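Residue numbers (this note's numbering), protein chains in the order written: chain A, 1 to 102; chain B, 1001 to 1102.
See structure below.
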DNA sequence: ACAATACTAAGCGAATTCGCTTAATATTCG
DNA sequence: CGAATATTAAGCGAATTCGCTTAGTATTGT
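Pasting the structure below:
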């Protein structure tokens, strides 16, 4: 089966923070977000100077971290932002603030 | 000068997310936080199994990311949480949420 | 002054990351 | 079917990370 390998991360936060630690990957998220929440792999790759195969890898990291979901559509692949995952991290960070309300 | 080398990071987010990507470093932050916001290097190192020299390095990473500040007090060194830095990141993540209010 | 305490610094090896390149796969169009 | 399009897979080398260990420095107590 063509199911993508998705080794279960013991610590979800680890994957998410590591994914967010790279400028290109944050740029991917911001770009998809301002594009309405979803873009094809090709559109995403087009915003970068570096080889698009490199972007493919970044997309897989983001997907493995649960920050993107992806769906095949014909010969294109559509990536979508997973807001809830980002909110999970934001809420973790909120614990350190006095103004924690959630 | 004994001033600690603090190379200016072009991208502050990079340093912060990378710092948060390691479970031990998150544990350091949580531990200091629940201890009232500050602890000595020795107290922090004591919560880990691994060599305390390893923790020293983690502390420097957290400091370089601006998540901790540090101050010498006699022969001890006191580390303090820098809440504003964590809030910076939380706010960045908030941009992706519909319920952004800040 | 000397020993003890509390650290930081520096260097090593295994593992991981990030760009690259070459190759493979899947879908659509003529 | 065969070419074109869209994308993933796999493997390479340089750089970084993370644990370790050994060594060095600064402050305190006697």
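Note that beta-carbon positions come from the ideal geometry of N, C-alpha and C, so glycine has one too.
Please read these numbers as outputs of a predicted model, since none were measured by experiment.
Taking the alpha carbon of residue i as the reference point, which residue from the options has its own alpha carbon closest?
| i | options | result |
| --- | --- | --- |
| residue 1082 of chain B | B:1017, B:1013, B:1023, B:1033 | B:1033 |
| residue 93 of chain A | B:1047, B:1097, B:1026 | B:1026 |
| residue 1098 of chain B | A:37, A:98, A:28 | A:37 |
| residue 952 of chain B | B:1041, B:1057, B:1061 | Since the displayed chain B opens at 1001 and closes at 1102, residue 952 of chain B lies outside it and no answer follows. |
| residue 1015 of chain B | B:1043, B:1056, B:1031, B:1067 | B:1067 |
How should residue i be labelled, buried or exposed, when 16 other C-beta atoms within 10 angstroms of its C-beta is the threshold for buried?
| i | result |
| --- | --- |
| residue 1065 of chain B | buried |
| residue 103 of chain A | With chain A covering 1 to 102 only, the question about residue 103 of chain A has no answer from this structure. |
| residue 23 of chain A | exposed |
| residue 1046 of chain B | exposed |
| residue 100 of chain A | Its pLDDT being 42, under 50, residue 100 of chain A is placed unreliably by the model, and nothing is read from it. |
Which residues share a DSSP beta bridge with residue i?
| i | result |
| --- | --- |
| residue 1038 of chain B | B:1080 |
| residue 1068 of chain B | B:1081 |
| residue 73 of chain A | A:76 |
Starting from residue i, find everything on chain A with Cβ-Cβ shorter than 7 Å and list it in chain order.
| i | result |
| --- | --- |
| residue 1020 of chain B | 17 |
| residue 1083 of chain B | 96, 97 |
Who are the neighbours of residue i on chain B, taking C-beta pairs under 8 Å?
| i | result |
| --- | --- |
| residue 14 of chain A | 1021, 1022, 1023 |
Find the residues of chain B that neighbour residue i, judging by a C-beta separation of less than 7 Å, and give them in chain order.
| i | result |
| --- | --- |
| residue 61 of chain A | Within 7 Å Cβ-Cβ: nothing; residue 61 of chain A doesn't reach chain B, min ~12 Å. |
Which bits of chain A does residue i rub up against, with CB to CB less than 8 Å?
| i | result |
| --- | --- |
| residue 1086 of chain B | 93, 96, 97 |
So residue i contacts chain B; which residues on that side make the cut at Cβ distance below 9 Å?
| i | result |
| --- | --- |
| residue 183 of chain A | Limits of chain A in this structure are 1 at one end and 102 at the other, which puts residue 183 of chain A out of reach. |
Pairs of beta-carbons, one from the stretch 1039 to 1057 of chain B and one from the stretch 1084 to 1092 of chain B, closer than 8 Å: are there three or more?
Taking a cut-off of 8 Å for Cβ pairs, the stretch 1039 to 1057 of chain B and the stretch 1084 to 1092 of chain B do not touch, as fewer than three such pairs fall below it.
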